[in-house]
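Below is one structure; the comments refer to it alone.
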Amino acid sequence: MANELIEYYNGTERSIEDIYKNKAQVLLEALPYIKEYSNRIVVVKLGGAIMDDDSSLMKVLDDLILMKYVGMNVIVIHGGGKQITKLMEEKNIKVEFCDGMRVTSKEAIDAVKMVLLGEINSKIVSLLNKHGKLAVGLSGNDANFVNCRKKTYKKDGKDIDLGYVGEIIDINKDFLLNILSNGYIPVIATLGSDKKGNVFNINADTFASAIASKFEAKKMILLTDVDGIKIAGADGEKLVSRISASGCRKLIEIRDISKGMIPKVNSCIDALLGGVERAHILNGNLEHSILIEIFTDKGIGTMIVRD
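For our numbering, count along the sequence shown from 1 and bump the result up by 40.
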C-alpha cells in the first residue's frame, strides 16, 4: 500500500515567507555578477590557517565549485609555508628567511616538493573531486609551463644567495587553457623550472599574480588570515573596502600598510598592472568570504582597483 504523505505548515507562514524572500533577494543581487563573470577567469590563491584545517578548507573549496558551476573558469594556486617549515624542522633542515623569502637549499627544495606535491596539492584535488571529476593537480614545473630562473637578490649592497628560489620568466598560457577548456579546475603548486630542469620554489602571492596577469583575469583573490587592509585610527582599526593601486602605494609609504601585508599588496598592484581587472585580499577563515565578495554589492574584504 502506498504511503499517503500529507504535510502541513506549522502556523509560521509569515516568517517562512520572509526567509524565502530574503533568499530570493540574495539570488537576485548575485544575478548581475553571475552574468558578468560567466566564462571569465578568476585566480584564487589559498593560504593561511585554512590549509591546516580540512573542514575550513572544504568550505572554501565548496565556494570555488559553486563558482565553476555558474560558469567561471577558476584557477587555484597554493603554497604551503607552515607545512614546509614543520617538515624541515622534523628533518633537521635549517629554516632560514631573508626579508620574508625562504632560503631554499637542496635539502629544503626536496622538502618543499614533498609538501606541495605529496601533501597539499593531492589533498586539495581529492577534496574538489568529491563533487565529481573537476580538478587536476599540477606543478609549475610540469611540462616546464612555468619557466623561471634563479632569483637574484641584494641586501645592503651585498648579493644574497637564496638557493633554489625562482623568479618567473614566462608562463605557457596554452597549457592551462587546454585544461580549462576541458572543464577542469587546475590546482597549481608554486614551483617552476628552468631549461636545465632545475626546480625552484616561488612565492605563492607572486606566482598567483603572474598567472592572473598572463590571463588578464577578471579577478585575483588572495586568501589570508586577516580581513583585508586595516588602517589604525583614533577610534580603532577600520577595514578598507575599496582602494586604488596609488592609494596602496601611499599607505605603504606612510607605513599604514606594513610587514607581511606589503608583499601581498604589491602582488595585487603587479596583477592590476598586468591586466587583471580587480584584486582582493580576503580572510579565508570567514565562511563563504569569496562568494560574498564576488556576488554581493558591498563585499566583505579589501578590493584593490586600478588608478
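Beta carbons are placed, not taken as given, at the ideal position from N, Cα and C, and that holds for glycine.
To which residues of the same chain is residue i closer than 8 Å at the C-beta, ignoring the five residues directly before and after it?
i    : result
E118 : Checking the sequence shown, residue 118 turns out to be His, not Glu. Here the set comprises K85, L86, G87, M91, L156, I160, N161, I164, V227, I228, A229, T230 and A244.
K304 : D245, L262, T264 and I321
K195 : C138 and D139
S284 : I344, V345, R346 and D347
K270 : E277, K278, L279 and V280
Taking DSSP's pairing of strands, which residues face residue i in a bridge?
i    : result
N241 : V205 and L231
P226 : V176
T144 : G203
C138 : M141
R318 : K259
N113 : I81
H118 : L86 and A229
T264 : N323
Just verifying my parser: in three-state terms, what is the DSSP assignment at residue i?
i    : result
F185 : coil
E327 : coil
I294 : coil
E256 : coil
K190 : strand
K338 : coil
I164 : helix
K198 : strand
D94  : helix
G158 : helix
D210 : strand
E277 : strand
L45  : coil
V66  : helix
C345 : The sequence shown places Val at residue 345, not Cys. Residue state, collapsed to three classes: strand.
I105 : helix
I251 : helix
I133 : coil
K236 : coil
Would you mind reading off the limits of the alpha helix (DSSP H) that contains residue i?
i    : result
N79  : It is not in any alpha helix (DSSP H) - N79 carries neither H nor E in the DSSP assignment.
L312 : M301 to L313
K122 : G121 to E130
Could you pull out every residue in the same chain whose Cβ sits closer than 7 Å to the Cβ of residue i, ignoring the five residues on either side in sequence?
i    : result
K191 : L202, V205, G206 and E207
R189 : G206, E207, I209 and D234
Keeping to the same chain, check which residues put their C-beta closer than 6 Å to that of residue i; ignore five residues upstream and five downstream.
i    : result
D308 : First, the residue type needs correcting, since residue 308 is Cys and not Asp in the sequence shown. Once the five neighbours on either side are set aside, the close Cβ partners of C308 are A319 and I344.
G324 : G88, I90, V100 and L263
F255 : I81
G332 : Looking at the sequence provided, one finds Ile at residue 332 rather than Gly. Hits under 6 Å: I340.
V83  : I115, A248, I251, A252, A257 and M260
L178 : P226 and I228
Y193 : I200 and L202
For the beta strand (DSSP E) holding residue i, just list the boundary residues, first then last.
i    : result
G273 : K270 to G273
S284 : R282 to S284
Let me check you understand the geometry: is the CB of residue i closer than 8 Å to at least one non-hydrogen atom of the ligand MG?
i    : result
S145 : The model depicted lacks the ligand MG and carries no ligand whatsoever.
Validate contact between the region 143 to 155 and the region 235 to 252 using beta carbons, cut 8 Å, 3 pairs: yes
Do three or more CB pairs link the region 177 to 192 to the region 205 to 214 at distances below 8 Å? yes
Count Cβ pairs between the region 298 to 306 and the region 326 to 341 that sit closer than 8 Å; are there 3 or more? no
Should the region 101 to 118 be regarded as contacting the region 133 to 143, the criterion being three or more beta carbon pairs within less than 8 Å? no
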